[in-house]
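Chemist: Numbering (this note's numbering), first residue to last: 315 to 617. Backbone N, C-alpha and C fix where the C-beta goes; we use that ideal spot for every residue, glycine too.
1. Cα separation between residue 418 and residue 341?
2. Where are the beta strand (DSSP E) runs, 3 residues long or more, that stay fully inside the segment 447 to 491, in chain order?
3. Once the 5 residues before and after residue 520 are set aside, which same chain residues still bring their CB inside 6 Å of it?
4. Whose C-beta lies closer than 8 Å to the C-beta of residue 385 among residues of the same chain, with five residues either side of it excluded?
5. Quick one: grab the DSSP three-state call for residue 517.
6. Under 8 Å Cβ to Cβ from residue 526, same chain only, skipping five residues before and after it: list those, please.
7. Roughly how many whole angstroms lie between the Cα atoms of residue 491 and residue 598?
8. Whole angstroms are fine: how far does the CA of residue 460 sit from the CA of residue 499?
9. Taking all protein chains shown into account, do 16 or more other C-beta atoms lie within 10 angstroms of the C-beta of residue 353, making it buried, or fewer, making it exposed?
10. For residue 371, which of helix, strand or coil comes out of DSSP?
11. Have a look at residue 350 and residue 474 and give me their C-alpha separation to the nearest angstrom.
12. When we look at the beta-carbon of residue 567 and count the other beta-carbons within 10 Å, is it buried (16 or more) or exposed?
13. Is residue 337 helix, strand or coil by DSSP?
14. Would you call the CB atoms of residue 433 and residue 489 closer than 8 Å?
15. Does residue 328 come out as helix, strand or coil in the three-state DSSP assignment?
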């Protein structure tokens, strides 16, 4: 009896882990952090918990829903590119993933109703675009990459809208930086996913124009974002050639790591090297985002 219970509990635990993996936990967490940053930048201070919780949770739930739905749609691609993922490995079912995605969306939508009209429209429009990407736009290649970068970057604007109903100028700058960096990432990912993308005839940049072109284009977008990033934190009061802020200096450290990763990718743009680049990219962009978040929080607390 005890063994049967242990087996049941073990199976249930594995099932929970499998469905949790479908949500790509770091992605919803980062989206929630971006929404919070958008609120802080718009308010010039920390938001009240009542203002913060619903938008942050709604964005996280809808992001998780879009990732789960994407995996259900991309099953054939993931059989090739990610055979150990929950769906290809059989740890979770496509039907179960679809139901899970709907439940996550329903919870996120319910929370989004607590925000203002502008925010409600924006969040649900971005969600609709993410679903359209999974169903149709991914196959278009670069257009699909642009849509993904837009949906990710719009989280800052969403945060600003939930806080004030307006788009703060600083938030707009951060959105552009995020857009180009994420667009670069998406283009580079097309190198990593070439084999699986061919299965569903995806016209990715890497397949349509070759991995070398994808590496150059992805690097160009990433470098553009990296160049814009530190400029946001120049000490303008000291003039263009004046002293840089502490945040400027801190951001240069992970950006140097990204620059090194770009150089390595350009030397040999293979799927394996693209995968290495993306792992470094994800880690370093998380560090940059945390630096920005800490700067916003510090500025808000000190006034």
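Modeler: Once the coordinates are examined:
1. Residue 418 sits at position 104 when you count from the first residue of the chain shown. Residue 341 sits at position 27 when you count from the first residue of the chain shown. So the two alpha carbons sit approximately 14 Å from each other.
2. none
3. Against the chain shown, residue 520 aligns to sequence position 206. 504, 505, 508 and 528, listed in sequence order.
4. Position 71 of the chain shown, counted from the first residue, corresponds to residue 385. Answer for residue 385: 336, 392, 399, 400, 401 and 411, listed in chain order.
5. Your numbering for residue 517 matches position 203 in the chain shown. Coil at residue 517, not helix or strand.
6. Here residue 526 is taken as the residue at index 212 of the chain shown, counted from 1. The residues are 583.
7. To locate residue 491, count along the chain shown from 1; it is residue 177. To locate residue 598, count along the chain shown from 1; it is residue 284. Going by the C-alpha atoms only, they are around 15 Å apart.
8. For the purposes of this step, residue 499 is taken as the residue at position 185 of the chain shown. For the purposes of this step, residue 460 is taken as the residue at position 146 of the chain shown. Whole-angstrom Cα-Cα distance: 11 Å.
9. Residue mapping note: residue 353 aligns to position 39 of the chain shown, counting from 1. When all chains shown are included, residue 353 counts as buried.
10. In the chain shown, the residue the question calls residue 371 occupies position 57. Residue state, collapsed to three classes: helix.
11. In the chain shown, residue 350 corresponds to position 36, counting from 1. In the chain shown, residue 474 corresponds to position 160, counting from 1. Rounded to the nearest angstrom, the two C-alpha atoms are 9 Å apart.
12. Taking the first residue of the chain shown as position 1, residue 567 is located at position 253. By the 10 Å Cβ count, residue 567 comes out exposed.
13. The sequence position of residue 337 within the chain shown is 23, counting from 1. Coil.
14. The residue labelled residue 433 in the question sits at position 119 within the chain shown. The residue labelled residue 489 in the question sits at position 175 within the chain shown. No, they are not a contact pair.
15. As a position in the chain shown, residue 328 is number 14, starting the count at 1. Of the three classes helix, strand and coil, the one that applies to residue 328 here is helix, per DSSP.
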